[in-house]
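J.:
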Amino acid sequence: MIKSMTGFGAYSFKSQHKTFTVEIKSINAKQFDFSAKLPIECRDKENEIRKLINFLLERGKIDCSITIAYDNESDVNYAIDSTLVKKIFHDLKQISKELSIHTDDAQILSIAMKVPDVMVSSQPDTIEEDWSILQNVIKEACRLTNESRQKEGKILETEFELHITGILTLLKEVEPFESERIQSVKSRLMKSFHEYSDQMANFDTNRFEQELIFYLEKLDFTEEKVRLAQHCQYFIETMRENNSNGKKLAFICQEIGREINTLGSKSLDANIQKRVVQMKDELEKIKEQLANIL
0 MIKSMTGFGA YSFKSQHKTF TVEIKSINAK QFDFSAKLPI ECRDKENEIR
50 KLINFLLERG KIDCSITIAY DNESDVNYAI DSTLVKKIFH DLKQISKELS
100 IHTDDAQILS IAMKVPDVMV SSQPDTIEED WSILQNVIKE ACRLTNESRQ
150 KEGKILETEF ELHITGILTL LKEVEPFESE RIQSVKSRLM KSFHEYSDQM
200 ANFDTNRFEQ ELIFYLEKLD FTEEKVRLAQ HCQYFIETMR ENNSNGKKLA
250 FICQEIGREI NTLGSKSLDA NIQKRVVQMK DELEKIKEQL ANIL
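If you use numbering that gives the first Met the number 0, the sequence shown corresponds to residues 0 to 293, in order.
1. Please list the terminal residues of the continuous alpha helix (DSSP H) segment that includes isoleucine 285.
2. So who's on the other strand from isoleucine 294, going by DSSP bridges?
3. Using only alpha-carbon positions, find the residue among Ile235, Thr102, Glu127 that is nearest to isoleucine 251.
4. Could you pull out every residue in the same chain whose Cβ sits closer than 7 Å to the Cβ of isoleucine 79, ignoring the five residues on either side in sequence?
5. Nearest by alpha-carbon distance to isoleucine 255: which of Val275, Arg239, Gly152, Ile292 is it?
6. Taking 6 Å as the limit between beta carbons, can you name the residues of its chain near aspartate 104, skipping five residues before and five after?
7. Please name the residue, chosen from Asp268, His230, Ala9, that lies closest to phenylalanine 176 on a Cα-to-Cα basis.
8. DSSP three-state label for phenylalanine 31, please.
9. What does the alpha-carbon distance come out to for the pair cysteine 141 and glycine 165?
10. Is the CB-CB distance between leucine 293 and isoleucine 259 below 8 Å?
11. For aspartate 70, which of Leu143, His16, Leu98 has the nearest alpha-carbon?
12. My understanding is that lysine 2 touches serine 243, with C-beta atoms under 8 Å, so please give their C-beta distance in whole angstroms.
13. I'd like the span of the beta strand (DSSP E) that includes isoleucine 94, first residue to last.
14. Could you give the C-beta distance for serine 25 and methionine 4, rounded to a whole number, given that I count them as a contact under 8 Å?
15. Compute the distance between the beta-carbons of phenylalanine 19 and valine 136, then report whether it is under 8 Å.
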């Protein structure tokens, strides 16, 4: 079972007069890259939230949004930092004047009120007593995100199987051309031998035949074919393991690519080289998607 790094999960839980909501978006990344939008009450818990989500989602670029909604707005007490608002208002008005921008005071005040930290929460820090609740909401959001990742992974798994099957099918198509390839190379070399042997003094025919056999043996790619088939099978087996392992699959892809390249360099046959190119195309399609596998 493989798991994509692309996913989404959202979960809400109502506790007494509050509703906790956690939304998580995940896309592919080489490491764990975390960013969070947190309410004031949760800011001192950011590091713990990061560690919890890292443990549950492992890898990827994670965007987390947490909100705490109160049933009664009177339960939420905020104070306006009037000193800060006045300073921002004065600065903005001065800049508008210098730039000859005609803006009324109401517009400037509206902009000033949107500056972070202008609205300061005056309510006591109550997240400690609700921390266990928030942890469970985060866990549920991560569980839903992982479910989303698994669904995406299932789609990719089907695609990978098609491409691996394509490589194995092309590998079988190589077989009919193997004997013809060796015979063709042998015929060309023997023709050259007969053309030049009479012109060369002390030509060692036995040595030539030995070298010819050695050369033809080097062109044999039976071992490469066996290893390529084994790597493809190993890719399928790894993909079906209980845990998703994108890095391991990427390593197997490197080995598959190495065997395909060796087949191409030894082929000396247009029909085989054509199938080698098609194998590389199938492998490249796998590599493009592997970057998104956990």
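We treat Cβ as the ideally placed atom computed from N, Cα and C, and that holds for glycine. No experiment lies behind these values; they were computed from the predicted model shown.
T.: Inspection of the coordinates gives the following:
1. Secondary structure note for isoleucine 285: its alpha helix (DSSP H) is the uninterrupted segment 269-289.
2. This structure gives no information on residue 294, because the portion of the chain shown stretches from 0 to 293.
3. When only C-alpha atoms are compared, the closest one is Ile235.
4. Excluding residues within five positions, the ones whose Cβ falls inside 7 Å are Val117, Met118.
5. Between isoleucine 255 and the set Val275, Arg239, Gly152, Ile292, the nearest pair of CA atoms involves Val275.
6. By the criterion of a C-beta distance shorter than 6 Å, aspartate 104 is surrounded by no residue of its chain, once the five residues flanking it on both sides are discounted.
7. Checked all of Asp268, His230, Ala9; the closest Cα to phenylalanine 176 is Asp268.
8. Here phenylalanine 31 sits in strand by DSSP.
9. Roughly 36 Å between the two C-alpha positions.
10. Isoleucine 259 is positioned such that its CB atom lies no closer than 8 Å to that of leucine 293.
11. The option with the nearest alpha carbon to aspartate 70 is His16.
12. At roughly 4 Å, the Cβ-Cβ gap stays under 8 Å, so lysine 2 and serine 243 are in contact.
13. Here isoleucine 94 belongs to no beta strand (DSSP E); instead the alpha helix (DSSP H) covers 81-97.
14. That pair is a contact at about 6 Å.
15. With contacts defined by Cβ atoms closer than 8 Å, phenylalanine 19 and valine 136 form a contacting pair.
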